[in-house]
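Structure, as structure tokens:
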Amino acid sequence: MANQPDIIAIKIDHDKCTECRMCYVVCREINFNAVIIDTGPQHLHEIDMDRCVYPRCTVCLMYCPAEGSIVESESGRSLVPPAADAWTDEKRFPRRA
Ligand code: SF4
Ligand code: SF4
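In my numbering, the protein residues as written are 37 to 133.
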């Protein structure tokens with residue numbers, strides 16, 4: 037699709053995450069289903085990069101209440117609250133035509 041930014045891997049920082057499940061709910065609501073609950077004893081939330089399309093979508097970043105709990109995997113840059121560049125017309129969800 038034209039003018040779409042490249043997908044960048046993101047992950048949850050479990051030192052900051054409260055496991056509130058808001059990212060799971062909103063990602064399901066918009067039908068990406070990219071937030072999964074792992075099967076370990078703590079049932080931690082994780083982001084499945086086979087499904088997540090960040091920065092083409094930034095919805096979970098807007099709803100997450102825990103500062104710094106979602107980060108870019110490689111750079112470690114915090115995305116909560118969302119960085120200003122996540123709100124540009126090209127990047128925010130839903131897209132304009
Ligand atoms: S950025 Fe969008 S697709 Fe990725 S986990 Fe968050 S809500 Fe789901
Ligand atoms: S919305 Fe934020 S604090 Fe809540 S489970 Fe997701 S990453 Fe953790």
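Heads up, the beta-carbon is just placed ideally off N, CA and C, and yes, glycines get one too.
Residue span of the beta strand (DSSP E) that contains Glu108, given as start and end
Start and end: 106 to 108.
Three-state secondary structure (DSSP) at Pro41?
The three-state reading of DSSP puts Pro41 in coil, since its state is none of H, G, I, E or B.
From which residue to which residue does the beta strand (DSSP E) around Val116 run?
Counting along the chain, no beta strand (DSSP E) covers Val116, and no H or E run does either.
On the criterion of 16 or more Cβ atoms from any shown chain inside 10 Å, does Pro41 qualify as buried, or is it exposed?
Classification for Pro41: exposed.
Just reading off the alpha helix (DSSP H) that Glu82 is part of, what are its end residues?
Not the alpha helix (DSSP H): Glu82 falls in the beta strand (DSSP E), residues 81 to 83.
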